[in-house]
Amino acid sequence: LEQLRRIRVECSQVESDISLVRRVSQGRLDIVGHESTRRSGAGGSDADTPVLFDLPEILSDGPAPSGSTPGARAVSVGAPGEVAAELVKSLDTMASPSALSNIETLSDGDLRELFERIRSFEVEMSSIRRQLHERIDAIQSEIGRRYRDGEASVDSIL
Amino acid sequence: NAADLDEVWTRYKDNPTQEDRDQLIVYYAPLVKYVAGRIASGLPQNVDQADLVSYGMFGLIDAITKFDPERGFKFETYAISRIKGAVLDELRSIDWVPRSVRAKAKSVERAMTKLEAVLHRAPTDEEIAEELEMTMDQLLGIYNQISSLGIVALDEMLSFGGGGESLTLGDTLADRQDGPGGMYERVEMRQMLAEAINKMSERAKIVLTLYYYENLTLAEIGNVLGVTESRVCQIHTKAVLQLRSRLQA
Ligand SMILES: Nc1nc2c(ncn2[C@@H]2O[C@@H]3COP(=O)(O)O[C@H]4[C@@H](O)[C@H](n5cnc6c(=O)[nH]c(N)nc65)O[C@@H]4COP(=O)(O)O[C@H]3[C@H]2O)c(=O)[nH]1
Ligand SMILES: Nc1nc2c(ncn2[C@@H]2O[C@@H]3COP(=O)(O)O[C@H]4[C@@H](O)[C@H](n5cnc6c(=O)[nH]c(N)nc65)O[C@@H]4COP(=O)(O)O[C@H]3[C@H]2O)c(=O)[nH]1
Chain P
1 LEQLRRIRVE CSQVESDISL VRRVSQGRLD IVGHESTRRS GAGGSDADTP
51 VLFDLPEILS DGPAPSGSTP GARAVSVGAP GEVAAELVKS LDTMASPSAL
101 SNIETLSDGD LRELFERIRS FEVEMSSIRR QLHERIDAIQ SEIGRRYRDG
151 EASVDSIL
Chain U
1001 NAADLDEVWT RYKDNPTQED RDQLIVYYAP LVKYVAGRIA SGLPQNVDQA
1051 DLVSYGMFGL IDAITKFDPE RGFKFETYAI SRIKGAVLDE LRSIDWVPRS
1101 VRAKAKSVER AMTKLEAVLH RAPTDEEIAE ELEMTMDQLL GIYNQISSLG
1151 IVALDEMLSF GGGGESLTLG DTLADRQDGP GGMYERVEMR QMLAEAINKM
1201 SERAKIVLTL YYYENLTLAE IGNVLGVTES RVCQIHTKAV LQLRSRLQA
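Protein sequences, first through last, are from chains P and U.
Residue numbers in the first sequence follow the working numbering, run continuously in steps of one, and reach 158 at the last position.
Residue numbers in the second sequence follow the working numbering, run continuously in steps of one, and reach 1249 at the last position.
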């Protein structure tokens, strides 16, 4: 059980970093997407509103799939680890900080290219994350089975 | 590319301008999405996520203003804890838990404390319901109401750590040993909570341990105990109320 738990903790730490970088890349993607929508004149945001005002709308999530219980899982807000730092660095080489903070100055072509680069990065993060979830959930269901069948007891933790 | 970011930081710290600050805000803003998403995960669907993001933005701006690049810490780590603090503080100050539900939670805790003093063990739901002169269904209904507000509401009711960073129950017991400072308090808290959990009823102990220490979902815990997810949810709510009544006693 100790081994299983150690693997899970390791996977969870990587998953936490990947989830962080995934969220960051989604945020970047949505900021870039918002700029291109603004240019095409669609979406009600007035052309002079600085992107800063729209950030709460841009950065919030769609509704979670129905039937998800709030707090189904204990979730903590942790500090980014080494994996996250490395991945953000590589995201920064694809989507430079100065491009992101001066997005109105990019040409339409550059904007579209920036969008595509961030999008393929996000897709990759989401896919790694899905695989990690499958692995973690498999471990969790085995750990759960051991508690259910009496092979493990919470007293050993406490 | 990291170089132009460092440039903006240095320029901003030497001479704070709106323009540089806005550049930093836009670059780091996705961190707020991360924090708001995680906090929203413990809240019911009707909480407006855009609101959480706006509360978080204040935390980010605060972090940018206060950050000292010379100290060698990573900005992201500092920013995430300020953003989280800002969102939780705002949630607490708007007191989004309805007063009636808070009052019910308080009366349940009072009943638990009183019964525990008399029985020298954790009271059963039957005993609590009797003490409060309500039916079992009514008591379970109260647990449901509290938990439908989201576990964060419970965590928030249990947050400790007067040292600047407000720790919730979830943070204290998390697998990750992260964050500078407060590490020792964390270990102490973890110890104290483990002792308090150890004195609880078997079911409560199992649910709390599996949820916080073993990181199982409510549904997975349901499979362990052979009950529904919503039943685990009720047990979890009762257990957290009980923990709170003990730690405050
Ligand atoms: N409750 C919950 N559900 C989850 C979680 N992760 C994934 N899901 C569910 O699984 C679906 C697929 O996720 P994905 O493969 O990561 O694929 C995702 C991801 O690649 C991307 N995405 C997700 N959120 C955002 C966002 O805020 N901005 C952008 N630009 N892309 C996003 O779009 C795809 C589709 O997203 P959805 O339609 O939302 O559909 C999501 C969502 O219904 C989670 O942590 N909690
Ligand atoms: N082992 C395991 N872990 C899982 C699974 N799904 C999510 N997690 C982890 O649990 C955290 C909380 O998920 P949530 O409660 O659904 O809460 C999510 C959800 O409300 C929202 N979210 C994230 N991605 C999506 C998405 O693609 N679509 C939608 N609609 N919401 C999302 O943001 C919140 C935070 O997301 P994250 O920071 O990524 O943090 C996630 C992720 O690290 C899973 O199937 N197995």
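By construction, the Cβ of each residue, glycine as well, lies at the ideal position given by its N, Cα and C atoms.
- One thing to note: leucine 1043/U has its Cβ no nearer than 8 Å to the Cβ of proline 50/P.
- Taking a Cβ-Cβ threshold of 8 Å, the residues of chain U close to glutamine 26/P are Pro1030 and Lys1033, in chain order.
- Contact of serine 141/P with chain U by beta-carbon distance below 7 Å involves Glu1220.
- Only residues of its own chain outside the window of five on either side were considered, and among them Gly1222 have a CB closer than 8 Å to the CB of threonine 1228/U, listed in chain order.
- In the three-state DSSP reduction, arginine 23/P falls in the helix class (H, G or I).
- Here the alpha carbon of alanine 1194/U sits roughly 49 Å from the alpha carbon of leucine 114/P.
- Distance from the C-beta of aspartate 30/P to the nearest heavy atom of ligand 1 is below 7 Å.
- Ligand 1 never approaches glutamine 1045/U closely enough for any of its heavy atoms to be under 7 Å from the residue's Cβ.
- Among the residues of chain P, those whose CB is under 7 Å from the CB of threonine 1209/U are Val154, Ile157 and Leu158, following chain order.
- Within its own chain, the residues whose Cβ lies closer than 6 Å to the Cβ of lysine 1084/U, once the five positions on either side in sequence are excluded, are Val1035, listed in chain order.
- For the stretch 47 to 78 of chain P, the residues whose beta carbon sits under 8 Å from a beta carbon of chain U are, in order, Pro50, Val51, Leu52, Leu55, Pro56, Glu57, Leu59, Ser60, Asp61, Pro63, Ala64, Thr69, Pro70, Gly71, Ala72, Arg73, Ala74, Val75, Ser76, Val77 and Gly78.
- Of all residues in the stretch 1002 to 1026 of chain U, only Ala1002, Asp1004, Leu1005, Val1008, Asp1022, Gln1023, Leu1024, Ile1025 and Val1026 come within less than 8 Å of chain P when Cβ atoms are compared, listed by chain position.
- Considering only beta carbons, no part of the stretch 103 to 136 of chain P lies closer than 7 Å to chain U.
- Secondary structure within the stretch 61 to 147 of chain P: the alpha helix (DSSP H) runs of 4 or more consecutive residues, fully enclosed, are 82 to 94 and 97 to 101 (chain order).
- Per the coordinates, the alpha-carbon of aspartate 1048/U lies some 32 Å from the alpha-carbon of arginine 1110/U.
- In the same chain as serine 25/P, and ignoring 5 residues on each side of it, the C-beta atoms closer than 8 Å to its own belong to Leu91, Ile118, Phe121, Glu122 and Met125, in chain order.
- With a cutoff of 8 Å on beta-carbon distance, tyrosine 1211/U and histidine 1236/U are scored as near each other.
- Glycine 144/P reaches chain U at Leu1216, Glu1220, Asn1223 and Val1224, counting residues in chain order whose Cβ is nearer than 7 Å.
- Look at the stretch 1007 to 1095 of chain U and you find these whole runs of alpha helix (DSSP H), each 4 residues long or longer: 1018 to 1028, 1030 to 1040, 1049 to 1066 and 1075 to 1093.
- Distance from the C-beta of proline 50/P to the nearest heavy atom of ligand 1 is not below 7 Å.
- At a cut-off of 8 Å between beta-carbon atoms, asparagine 1046/U makes no contact with chain P.
- Taking 9 Å as the cut-off between beta carbons, the residues of the stretch 1186 to 1201 of chain U near chain P are Ala1194, Glu1195, Ile1197 and Asn1198, in sequence order.
- Here the stretch 1048 to 1066 of chain U lies against the stretch 1075 to 1083 of chain U, with 3 or more beta-carbon pairs under 8 Å apart.
- Using a Cβ-Cβ cut-off of 9 Å, leucine 87/P is close to nothing in chain U; its nearest Cβ partner there is about 12 Å away.
- Identification of chain U residues near arginine 148/P by a Cβ-Cβ cut-off of 9 Å yields Asn1223, Val1224, Leu1225 and Gly1226, ordered along the chain.
- Taking one beta carbon from each stretch, the stretch 20 to 35 of chain P and the stretch 53 to 67 of chain P have 3 or more pairs nearer than 8 Å; the two touch.
- In the three-state scheme derived from DSSP, where H, G and I count as helix and E and B as strand, threonine 1209/U is classed as helix.
- For the stretch 1049 to 1060 of chain U, residues whose beta-carbon sits nearer than 7 Å to a beta-carbon of chain P comprise Gln1049, Ala1050, Val1053, Ser1054 and Met1057.
- At least one beta carbon of chain P lies nearer than 8 Å to the beta carbon of arginine 1038/U.
- The shortest C-alpha to C-alpha distance from arginine 1203/U to any of Cys1233/U, Met1192/U, Ser1093/U and Glu1188/U is the one to Cys1233/U.
- Within the model, the alpha-carbon separation for alanine 72/P versus glycine 144/P is close to 15 Å.
- Not a single heavy atom of ligand 2 lies less than 7 Å from the C-beta of valine 1232/U.
- The residue from Leu106/P, Arg129/P and Gly62/P with its alpha-carbon nearest to that of valine 83/P is Arg129/P.
- Distance from the CA of glycine 41/P to the CA of glutamate 116/P, rounded to the nearest whole angstrom, comes to 20 Å.
- Residue environment: proline 1016/U is assigned as exposed (fewer than 16 neighbouring CB atoms within 10 Å of its CB, all protein chains considered).
- Excluding the 5 residues flanking it on each side, leucine 1216/U has same chain C-beta neighbours closer than 8 Å at Leu1210 and Val1224, in chain order.
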